[in-house]
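Student: These protein sequences, in sequence, are chains A and B.
Quick note: the first sequence uses full-length UniProt numbering, first residue 1, plus one each step.
Quick note: the second sequence uses full-length UniProt numbering, first residue 1, plus one each step.
Below you will find the structure I want to go over with you.
Number of protein chains: 2
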Amino acid sequence: MTRTTDDAALEVLSAEECYRLLATQQLGRLGLISNGNQIIMPVNYGLDGPVVVVRLGQGSVLRAADHANVAFEVDSIDPATHSGWSVLVRGLAEEVGDRHERGLAQRTRDTAVESWAPGERGHWLRVIPQAISGRRIVAGVPVDLLVDLGS
Amino acid sequence: MTRTTDDAALEVLSAEECYRLLATQQLGRLGLISNGNQIIMPVNYGLDGPVVVVRLGQGSVLRAADHANVAFEVDSIDPATHSGWSVLVRGLAEEVGDRHERGLAQRTRDTAVESWAPGERGHWLRVIPQAISGRRIVAGVPVDLLVDLGS
Chain A
1 MTRTTDDAAL
11 EVLSAEECYR
21 LLATQQLGRL
31 GLISNGNQII
41 MPVNYGLDGP
51 VVVVRLGQGS
61 VLRAADHANV
71 AFEVDSIDPA
81 THSGWSVLVR
91 GLAEEVGDRH
101 ERGLAQRTRD
111 TAVESWAPGE
121 RGHWLRVIPQ
131 AISGRRIVAG
141 VPVDLLVDLG
151 S
Chain B
1 MTRTTDDAAL
11 EVLSAEECYR
21 LLATQQLGRL
31 GLISNGNQII
41 MPVNYGLDGP
51 VVVVRLGQGS
61 VLRAADHANV
71 AFEVDSIDPA
81 THSGWSVLVR
91 GLAEEVGDRH
101 ERGLAQRTRD
111 TAVESWAPGE
121 RGHWLRVIPQ
131 AISGRRIVAG
141 VPVDLLVDLG
151 S
């Protein structure tokens, strides 16, 4: 494991920076309560403005998510440098259905989210953010590098 | 985005295979309820047998985690091939303290978990698994490859 000096820092990100980072990735983790149990599952996602769009198949996760408060996390952390960032969205999840206006359903499908996991994913879920927060880990100088530099 | 044929499959993993995979990574996501809100945060971890060990600083996350049911997720998914795996542990989290026998505290510290994020991480948390489950995404054949092969 690369050791670094103790001057690594944790930087709090603005909401704007959080959304910019969300737009750079395709895979996040959806957290919700299903049958009284907390679950976290990797999901592909897209964005309709600030709304996170994911696709789910029919089943217990969809039932647990619809009209529920959920968490959605995305991160990108480099194991080599120990630097990276994470963003957490807390929001209300809602399945897109007939009661929604056509424009919203269309915008949701226009995100063109493709699930890497196989299986039917006919249900589109929108996570309407209530709070977004993020942190960036700014790595310290690798100790090996300090040694190389003779310090 | 690489397109694959529709024969990708989702394989259910045994508990033994889940633990084998957990031992290959250093970074997971801890999910818990803090002040009524679900949060998911990336954390470094180690294993003491089946017990997941993470380090936390003093604060609201530690207070929310201690003696609580938490979720812990690890995945490794290749964006190029859309294949990979994810493992979910549900368990009871417990901070290691004076009331624990010395051997347990020592074993916990012997996991030598190092946090990549900076800041004081003087508190050691054990997540005692109540359930473990995992899935592997076996990718379909990339469509590009099929074309290359003339099929």
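Think of the CB as a built atom: it goes at the ideal place given N, C-alpha and C, for glycine as much as any other residue.
Whole angstroms is fine: what's the gap from Thr24 (chain B)'s alpha carbon to Tyr45 (chain B)'s?
Tutor: Approximately 11 Å between the Cα atoms of the pair.
Student: Short of 6 Å in beta carbon distance, which residues of its chain neighbour Val51 (chain A), apart from the five on each side in sequence? Order them along the chain.
Tutor: Counting only Cβ-Cβ distances below 6 Å, and skipping sequence neighbours, we find Arg126, Ile128.
Student: Only counting the same chain, and skipping five residues up and downstream in sequence, which positions put a Cβ closer than 6 Å to that of Ile132 (chain B)?
Tutor: Excluding sequence neighbours, Ile132 (chain B) sits near Ala15, Cys18, Val89.
Student: Can you give me the C-alpha to C-alpha distance between Val139 (chain B) and Glu120 (chain A), rounded to a whole angstrom?
Tutor: It is Ala, not Val, that sits at residue 139 (chain B) in the sequence shown. The straight-line gap from Cα to Cα measures roughly 15 Å.
Student: Can you tell me whether Gln58 (chain A) is helix, strand or coil according to DSSP?
Tutor: Coil, per DSSP.
Student: By the 7 Å beta-carbon criterion, what residues does the stretch 113 to 133 of chain A contribute toward chain B?
Tutor: The stretch 113 to 133 of chain A vs chain B, Cβ under 7 Å: Glu114, Trp116, Ala117, Pro118, Gly119.
Student: For the candidate residues B:Leu30, B:Trp85, B:Thr81, B:Val61, whose alpha-carbon lies nearest to that of Arg20 (chain B)?
Tutor: Nearest of B:Leu30, B:Trp85, B:Thr81, B:Val61 to Arg20 (chain B), Cα basis: B:Trp85.
Student: For Asp75 (chain A), which beta-bridge partners are listed by DSSP?
Tutor: In the DSSP output, where bridge partners are listed per residue, Asp75 (chain A) has A:Ser86.
Student: Assuming Leu22 (chain A) is part of the beta strand (DSSP E), what are its boundary residues?
Tutor: Leu22 (chain A) -> not in any beta strand (DSSP E); alpha helix (DSSP H) instead, spanning 15 to 22.
Student: In its own chain, which residues sit with a C-beta less than 8 Å from the C-beta of Leu47 (chain A), not counting the 5 before and 5 after it?
Tutor: Within the same chain, Leu47 (chain A) has close Cβ partners Tyr19, Leu22, Ala23, Val53, Thr111.
Student: If we define contact as Cβ-Cβ less than 8 Å, is Gly31 (chain A) a contact residue for chain B?
Tutor: Closer than 8 Å: yes.
Student: Beta-carbon within less than 6 Å of Gly31 (chain A)'s beta-carbon, same chain only, minus the 5 sequence neighbours each way: which residues are those?
Tutor: Ile40, Ala71.
Student: What's the gap between the Cα of His67 (chain A) and the Cα of Leu92 (chain A)?
Tutor: Using only the alpha carbons, I get a separation of about 6 Å.
Student: Step through the CB atoms of chain B and report whether any lies within less than 8 Å of the CB of Ser86 (chain A).
Tutor: By this cut-off, Ser86 (chain A) is an interface position.
Student: Indicate the three-state DSSP secondary structure (helix, strand or coil) for Ala65 (chain B) in the structure shown.
Tutor: Looking at Ala65 (chain B) - three-state DSSP - the assignment turns out to be helix.
Student: Can you tell me whether DSSP reads Gly119 (chain B) as helix, strand or coil?
Tutor: Coil at Gly119 (chain B), not helix or strand.
Student: Measuring CA to CA, which of B:Asn69, B:Arg135, B:Leu104, B:Glu95 is closest to Asn37 (chain A)?
Tutor: Taking only the C-alpha atoms, the option nearest Asn37 (chain A) is B:Asn69.
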